[in-house]
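Peer 1: Residue numbers (my numbering), protein chains in the order written: chain A, 668 to 836; chain B, 668 to 836; chain C, 668 to 836; chain D, 668 to 836; chain E, 668 to 836; chain F, 668 to 836.
Positions of the beta carbon are idealized from the N, C-alpha and C atoms, including for glycine.
Number of protein chains: 6
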Amino acid sequence: MRGLFVGRFQPLHNGHAYIIERALSEVDDLIIGIGSAESSHTSSDPLTSGERMDMILKASAVQGIRDRIIPVPIRDVNRYSVWVSHVTSLVPRFDVVYTNNPLTEELFHEAGFEVRGTAMVGREKLSGIHIRKCILKGSPWKDMVPAPVFEYLMGIDILSRLKGAVPDE
Amino acid sequence: MRGLFVGRFQPLHNGHAYIIERALSEVDDLIIGIGSAESSHTSSDPLTSGERMDMILKASAVQGIRDRIIPVPIRDVNRYSVWVSHVTSLVPRFDVVYTNNPLTEELFHEAGFEVRGTAMVGREKLSGIHIRKCILKGSPWKDMVPAPVFEYLMGIDILSRLKGAVPDE
Amino acid sequence: MRGLFVGRFQPLHNGHAYIIERALSEVDDLIIGIGSAESSHTSSDPLTSGERMDMILKASAVQGIRDRIIPVPIRDVNRYSVWVSHVTSLVPRFDVVYTNNPLTEELFHEAGFEVRGTAMVGREKLSGIHIRKCILKGSPWKDMVPAPVFEYLMGIDILSRLKGAVPDE
Amino acid sequence: MRGLFVGRFQPLHNGHAYIIERALSEVDDLIIGIGSAESSHTSSDPLTSGERMDMILKASAVQGIRDRIIPVPIRDVNRYSVWVSHVTSLVPRFDVVYTNNPLTEELFHEAGFEVRGTAMVGREKLSGIHIRKCILKGSPWKDMVPAPVFEYLMGIDILSRLKGAVPDE
Amino acid sequence: MRGLFVGRFQPLHNGHAYIIERALSEVDDLIIGIGSAESSHTSSDPLTSGERMDMILKASAVQGIRDRIIPVPIRDVNRYSVWVSHVTSLVPRFDVVYTNNPLTEELFHEAGFEVRGTAMVGREKLSGIHIRKCILKGSPWKDMVPAPVFEYLMGIDILSRLKGAVPDE
Amino acid sequence: MRGLFVGRFQPLHNGHAYIIERALSEVDDLIIGIGSAESSHTSSDPLTSGERMDMILKASAVQGIRDRIIPVPIRDVNRYSVWVSHVTSLVPRFDVVYTNNPLTEELFHEAGFEVRGTAMVGREKLSGIHIRKCILKGSPWKDMVPAPVFEYLMGIDILSRLKGAVPDE
C-alpha cells in the first residue's frame with residue numbers, strides 16, 4: 668500500500684517529519700510530492716525543488732527510511748480543475764492521500780480518492796513561514812527541523828538566500 | 668559522488684539497465700531524469716511519468732538498487748537555452764552527467780559539467796522505438812527489458828495503449 | 668446585430684440577468700463571454716467554466732432566450748495587449764460590446780469597437796462577491812439569482828465547494 | 668440526455684452534419700467541441716474558433732437545431748494525461764461521447780465515459796483535408812458542405828486565407 | 668566593455684537616466700533590459716514594451732547616446748531558477764550588471780556575474796509608482812522625467828491609460 | 668518613417684543585408700524583428716536571440732547603420748490570431764512592414780498594415796538553410812554573409828554548435 672503526501676517543504680520541518688513517520692506506520696511507502704516545485708528565491712518559496720530533494724534525501728537517510736519514500740517535484744498548474752490529473756500523471760500509483768489542506772482534500776475527494784487528515788503537533792510554531800521568519804530575525808530555529816536539514820540549510824547559506832528573496836509574504 | 672542520467676524510458680529497457688549498472692559502479696547514487704515527463708498516450712511517448720516511475724521503482728527493487736537511484740520527472744521546456752538551469756533546479760545536486768545524446772552533451776558541456784559517454788550495447792535493437800514496434804506487431808520483446816518491466820507493461824495493457832496512441836513517429 | 672457581454676458569472680445573478688435582458692432588447696443575439704474560464708475552486712472563482720455554462724443554459728431556457736444567447740468560455744491570457752485579439756478570435760463576429768469594467772472598455776475602445784455601458788441596478792448587493800459571502804455566512808441569497816441558478820447551485824453543493832476553496836479574496 | 672462531439676471543423680462538412688443529425692436522434696442536446704480552438708491561419712487549421720462558431724451557428728439555424736447544439740471552443744493542452752479533465756471542466760455536463768478518433772476514445776474510455784463510434788459516410792471524400800485541397804486546386808467542393816457553410820466560406824474569402832497559410836500538411 | 672541594466676521603465680525617469688549616464692561613463696555600451704515586457708494596461712505596468720522602447724529611443728536620441736544603448740524587451744518567466752539563463756539567452760553578451768534590486772543582485776551573483784550597485788539620487792520621489800500616482804492625482808511630475816518622455820507620455824494620453832488600468836498596486 | 672522587417676537570421680546573410688539596405692533607402696529607421704527568439708541549439712535555429720543580436724550589431728556597426736536599426740527579439744506565440752498584436756505590443760511604433768513570407772503578409776494585411784514585398788537576390792543560395800548545410804558539409808560559405816558575421820560565427824564555433832543540434836530539418 669502506498670500513500671501520497673504533498674507539501675512545499677520550505678523547509679522540511681519536524682511537523683512534516685511527524686506526518687511522514689505516522690504515514691509510514693500505515694503504508695509501505697510514501698510519495699512525497701514537492702509542491703510549487705518550480706518556485707524558488709521568493710520569501711515564501713526560497714528553495715529550489717532540487718534543494719528540497721537534497722534536504723529530504725539527507726533527512727530520510729538519517730532516519731533509515733530512504734528506500735520507503737519517493738520524493739517527486741510537482742509544479743503548480745494554476746488550474747485546479749485539472750490538478751488531480753496533473754498529480755496522478757506525474758507520480759507512481761498510490762492508494763491514499765495524506766493532507767490537512769482543505770482544497771487538496773476537496774479536489775482528491777471529488778475525484779474519489781481516500782483522504783486522511785494529518786493532525787499537526789504544535790502546528791503554530793512548526794510552520795514554514797514561522798521558521799523562515801525566525802531565520803531572518805536571527806531567532807533560534809534549530810530545534811524545529813531535523814538535524815540534517817539544519818546542517819544542509821546552513822551549508823547553502825539560507826539567510827543570504829532569504830535576504831535576497833522577493834518579499835511575497 | 669552522484670550522477671545524472673536522463674532518458675525517456677518508453678519503456679525502460681536492458682540498454683538503460685546496463686548504463687545504470689555501469690554508472691552505479693562509478694558513483695554513489697544516480698538521478699534518473701525522466702525526460703518528456705508530461706508526454707503520454709502518443710506512439711513515441713505512450714507511458715505517463717508516473718507509470719515510468721512505477722516501472723523504474725519495480726525494476727530497481729528487484730536489482731537491489733532501490734536506495735541508490737533517484738527518479739525525477741523532467742518536463743520539456745522547448746527552450747534549450749534554459750534547459751540546463753531547468754534540470755539543475757529540479758533535481759538534487761550532482762557531479763557528472765551520463766548521456767550519449769549529442770544535444771544533452773553539448774548543453775551540459777557549454778554549462779561546464781563533466782559529461783561521460785554511454786556506449787550502448789546492441790543499441791539497434793535496444794531502443795524504445797524498436798520495442799514499441801515489436802509490441803504493436805506482436806513480435807517478441809520480452810528479452811529486451813528487465814523482467815519486472817515486462818510484467819508491469821503487460822499489467823497495464825501496453826498493447827491497447829499503443830493502439831490508441833497518437834501516431835507521431 | 669450581435670452583442671458581446673463578458674463576465675465571470677461566479678455565479679450568474681440578477682444584475683447579469685438584467686443586463687442580458689436589456690442587451691437583447693437592442694441586439695438579435697448576445698455572446699456571453701465566460702471570463703477566467705479556466706479558474707475554479709477558489710473563493711473568487713468557485714465554479715468551473717462548464718458549471719457556469721450549465722447554469723447559464725438552464726436560466727436562459729426558463730427565460731425563453733436559449734436560442735438568442737451564445738455562451739463561450741474565455742480563458743485569461745494575462746497579457747492585456749493581446750486580449751482583444753484573443754477574444755475576437757474565440758467568439759463569433761459581434762457588433763457591440765456591453766461592459767462596465769473600465770479596462771474592458773479601454774481595451775475595446777482602443778481597438779475601435781463600440782462599447783455600451785451597463786448601469787447596474789442595486790449593484791452593491793448584486794455582486795458575485797457579496798453572494799459568495801452570503802452563501803458562506805448562511806445569509807439569505809436566493810432572491811439575488813434567477814430561480815434555476817439557485818436550484819443548480821444547491822444541487823452541486825456550492826457551500827461545500829466554497830468551504831474547500833483557496834481563500835484568495 | 669446530452670452528448671459531446673469533438674472535432675476541428677476545418678470546415679464543417681456533410682460528414683459532421685450527418686453525425687450531428689444522428690446524435691441528435693439519440694440525445695436531447697449536443698455539445699460541439701471545437702478542437703484546436705486557438706489554431707488558425709495554417710493549412711490544416713485555416714479558420715479561427717470564432718469563424719468556426721459562426722459557421723456552425725449559421726448551419727444549425729438553417730437545420731432548425733440552433734437550440735439543441737452547444738458549440739464550445741476547446742484549446743489544445745498538448746498533454747493527454749489531463750485532456751479529459753480539461754474538456755470536462757470547460758463544457759457543460761454530458762452523458763455520452765461521440766467520436767471515431769482512437770485516442771479520444773481511449774482517453775474517455777480510461778476515464779470511465781460511455782463512447783459511441785461514429786461510422787463516417789464516404790469518409791474518404793468527406794474529410795477536412797480533402798475539402799481544403801479542393802479549394803486550393805479549384806476543384807468543386809460545394810456539395811461536400813452544408814449550403815450555409817459554403818456561403819460563409821466564400822464570404823470570408825477562404826481561398827486567399829488558404830494561400831497565405833503556413834503549409835503544415 | 669558592455670553593461671546590462673534591467674528595469675521596468677514605467678515610465679523612464681530621471682533616476683534611470685542618471686544610472687544610464689553613470690554606467691555609460693564606465694562601459695562602451697549598455698543593454699537596457701525592459702523587464703515585465705509583456706505586461707501593460709495595469710496600474711503598475713501601464714505601458715507596453717513597444718511604448719517603453721519608443722520612450723527610451725526618443726530620450727536617448729536627445730541625449731546623443733542612441734548608438735550606445737541597446738534596449739531589449741525581457742518577459743517575465745516567473746521562475747527565478749532559470750531567470751539568468753532566460754536573460755543571457757535574449758540579450759547580447761555583456762560584462763557587468765547594474766542593479767539595486769536585491770533579487771537581481773542575488774541571482775546574477777549566484778551565476779558568477781559582476782554586479783555593481785546603483786545608488787539612487789532622491790530615490791523616494793524618483794520612483795515609477797510615485798510618478799504614476801502624481802499623474803493620476805494631477806500633481807506635477809514633468810520635472811521627474813526627461814523632457815522627451817514627458818512629451819511622449821502626453822502624446823499617448825497616459826492619464827486616460829492609467830484611469831482604465833487594472834488597479835494592482 | 669519607420670519600417671519593420673521580421674526574420675529568423677540563422678544566420679544574418681547577404682540577402683537580409685540587401686533588404687535592410689533597400690529598406691533604409693525608404694525609411695528613417697528599421698526595426699529588425701528577431702523571430703523565434705527563444706529557439707536555439709536546433710538545426711534550423713542554432714543561435715540564441717542574444718547571439719543573433721550580437722551578430723546584427725557587429726554587422727550594422729561596420730555598415731555605419733548602427734543608429735538606424737532597432738533589433739528586437741520576438742518569441743513565437745504559436746497562435747496566429749494574436750500574432751500581430753503580439754508584435755505591435757513588443758516593438759516601437761512603425762509605418763510599413765517588409766516581408767516576403769506569405770503568412771506574415773496575410774496577417775499584417777488583415778490587420779490593415781502596409782506591406783512591401785522584398786524580392787530576394789539569388790534567393791536560392793542566400794537562405795539560412797543553405798548556409799547551415801554548407802557549414803556542416805565543409806563547403807565554402809564565407810561569401811554569403813557579411814564579413815563581421817563570418818568572423819563572429821567562427822568565434823563562437825558554429826560548426827560544433829550545429830553538430831550538437833537537434834536535427835529538426
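Let me make sure I understand the geometry here. Which of Ala-786(E), Pro-769(E), Val-764(E), Thr-785(E) has the alpha-carbon closest to that of Gly-779(E)?
Peer 2: When only C-alpha atoms are compared, the closest one is Val-764(E).
Peer 1: When the Cα of Leu-671(A) is compared with those of Glu-688(A), Tyr-819(A), Val-744(A), which residue comes out closest?
Peer 2: Considering only alpha carbons, the answer is Glu-688(A).
Peer 1: Please list, in chain order, all residues of the same chain as Arg-733(B) whose beta carbon is under 8 angstroms from its beta carbon, the five residues on each side excluded.
Peer 2: Here the set comprises Leu-724, Ser-727.
Peer 1: Where do the N-terminal and C-terminal ends of the beta strand (DSSP E) with Asp-696(B) fall, by residue?
Peer 2: From DSSP, the beta strand (DSSP E) with Asp-696(B) extends over 696-701.
Peer 1: If you draw a straight line from the alpha carbon of Glu-836(E) to that of Ser-707(F), how long is it in whole angstroms?
Peer 2: Only weak support exists for where Glu-836(E) lies, its pLDDT of 48 falling under 50; the value from the coordinates is given anyway. Going from the Cα of Glu-836(E) to the Cα of Ser-707(F) covers about 37 angstroms.
Peer 1: Write down every uninterrupted run of the alpha helix (DSSP H) in the region 715-756 of chain C whose length is 4 residues or greater and which is fully enclosed by it, in chain order.
Peer 2: Runs found: 716-730.
Peer 1: For Leu-826(F), count neighbouring Cβ atoms within 10 angstroms of its own Cβ and tell me buried if that reaches 16, exposed if not.
Peer 2: Exposed, because fewer than 16 other Cβ atoms sit within 10 Å of the Cβ of Leu-826(F).
Peer 1: Quick one: is Met-811(F) buried, meaning 16 or more other Cβ sit within 10 Å of its Cβ, or exposed?
Peer 2: Buried: at least 16 other Cβ atoms inside 10 Å.
Peer 1: Can you look up Glu-836(F) in the DSSP assignment and give me helix, strand or coil?
Peer 2: Residue placement at Glu-836(F) cannot be trusted, given a pLDDT of 48 that sits under 50; the coordinates are not used to answer.
Peer 1: I need the straight-line Cα distance from Val-774(A) to Val-744(B), nearest angstrom please.
Peer 2: Just to set this straight, residue 774(A) is Leu in the shown sequence, not Val. Taking the straight line from one Cα to the other gives about 27 angstroms.
Peer 1: Taking the alpha carbon of Asn-768(B) as the reference point, which residue from Val-751(F), Val-833(F), Pro-759(F), Asp-762(F) has its own alpha carbon closest?
Peer 2: Nearest option by C-alpha distance: Val-833(F).
Peer 1: How close, in whole Å, do the beta carbons of Ile-686(F) and Thr-755(F) come, if the pair is a contact with beta carbons under 8 angstroms?
Peer 2: Their Cβ separation, rounded to whole angstroms, is 21 angstroms, which puts Ile-686(F) and Thr-755(F) out of contact at 8 angstroms.
Peer 1: Strictly under 7 angstroms for the Cβ-Cβ distance: is Ser-703(D) near chain A by that measure?
Peer 2: With 7 angstroms as the cut-off, Ser-703(D) does not count as an interface residue toward chain A.
Peer 1: Could you tell me the distance, in whole angstroms, from the CA atom of Met-722(D) to the CA atom of Glu-718(F)?
Peer 2: Looking at the two C-alpha atoms, the distance is approximately 46 angstroms.
Peer 1: Between the beta-carbon of Gly-682(E) and the beta-carbon of Ile-741(E), is there less than 7 angstroms?
Peer 2: No. Outside cutoff.
Peer 1: Quick check: what's the CA-CA separation for Ala-684(D) versus Leu-820(D)?
Peer 2: Looking at the two C-alpha atoms, the distance is approximately 16 angstroms.
Peer 1: In the DSSP assignment, what are the bridge partners of Gly-670(B)?
Peer 2: Gly-670(B) pairs with Leu-697(B), Val-763(B).
Peer 1: Between the Cα of Ser-806(F) and those of His-797(F), Pro-813(F), Ala-814(F), spot the shortest distance and give me the residue it belongs to.
Peer 2: That would be His-797(F), whose Cα lies nearest to the Cα of Ser-806(F).
Peer 1: Return no unless some Cβ of chain C is closer than 7 angstroms to the Cβ of Val-749(F).
Peer 2: Taking Cβ atoms only, chain C reaches closer than 7 angstroms to Val-749(F), which makes this a yes.
Peer 1: Can you check which of these residues, Ile-698(A), Ser-711(A), Ile-699(A), Glu-818(A), is closest to Gly-795(A) by C-alpha distance?
Peer 2: Per the Cα distances, Ser-711(A).
Peer 1: Leaving out five residues on either side along the sequence, give the residues of the same chain with a beta carbon under 8 angstroms from the beta carbon of Gly-831(F).
Peer 2: His-708, listed in sequence order.
Peer 1: Going along chain A in order, which residues have a C-beta closer than 9 angstroms to the C-beta of His-753(D)?
Peer 2: Neighbours of His-753(D) on chain A, chain order: Arg-746, Ser-748, Val-749, Ser-752.
Peer 1: State the DSSP-derived secondary structure class of Glu-781(E), mapped to helix, strand or coil.
Peer 2: Correct three-state label for Glu-781(E): strand.
Peer 1: Assuming Glu-772(C) and Val-782(C) are in contact, meaning their beta carbons sit under 8 angstroms apart, how far apart are those beta carbons, in whole angstroms?
Peer 2: That belief holds up - the Cβ atoms of Glu-772(C) and Val-782(C) are roughly 5 angstroms apart, short of 8 angstroms.
Peer 1: Cβ of Pro-769(B) less than 7 angstroms from any chain F Cβ?
Peer 2: Closer than 7 angstroms: yes.
Peer 1: Residues of chain E with CB under 7 angstroms from Ser-756(B), in chain order?
Peer 2: Correct list: Ser-748, Val-749.
Peer 1: Does any CB atom of chain I fall closer than 7 angstroms to the CB of Ile-736(E)?
Peer 2: Although the question refers to chain I, the structure presented lacks it and instead comprises the protein chains A, B, C, D, E and F.
Peer 1: So which of Gln-730(E), Phe-761(E), Arg-828(E), Ile-737(E) has the shortest CA-CA distance to Lys-800(E)?
Peer 2: Of the candidates Gln-730(E), Phe-761(E), Arg-828(E), Ile-737(E), the one whose C-alpha sits nearest the C-alpha of Lys-800(E) is Arg-828(E).
Peer 1: What is the C-beta distance between Arg-669(D) and Arg-746(D), in whole angstroms, given that I count them as a contact (C-beta under 8 angstroms)?
Peer 2: No, Arg-669(D) and Arg-746(D) are not in contact; Cβ-Cβ is about 26 angstroms, not under 8 angstroms.
Peer 1: Using a beta-carbon distance below 7 angstroms, is Glu-773(F) in contact with chain D?
Peer 2: Glu-773(F) counts as touching chain D.
Peer 1: Could you please tell me which residues of the region 680-713 of chain A, in chain order, have their CB closer than 8 angstroms to any CB of chain E?
Peer 2: Taking 8 angstroms as the Cβ-Cβ cut-off against chain E, the residues of the region 680-713 of chain A that qualify are Glu-705, Ser-706, Ser-707, His-708, Thr-709.
Peer 1: For Val-729(F), which residues in the same chain have their Cβ closer than 6 angstroms to its Cβ, ignoring the five residues on either side in sequence?
Peer 2: Closer than 6 angstroms at Cβ, skipping near neighbours: Pro-815.
Peer 1: Taking buried to mean at least 16 other C-beta atoms within 10 Å of its own C-beta, is Phe-676(E) buried or exposed?
Peer 2: Buried is the call here.
Peer 1: Pop quiz: Leu-691(F) and Arg-735(F) are said to be a contact at Cβ under 8 angstroms. What is the actual Cβ separation, rounded to whole angstroms?
Peer 2: With 8 angstroms as the limit, Leu-691(F) and Arg-735(F) qualify as a contact, their Cβ atoms being about 6 angstroms apart.
Peer 1: At a Cβ threshold of 7 angstroms, is Gly-831(E) touching chain C?
Peer 2: Yes, its Cβ sits closer than 7 angstroms to a Cβ of chain C.
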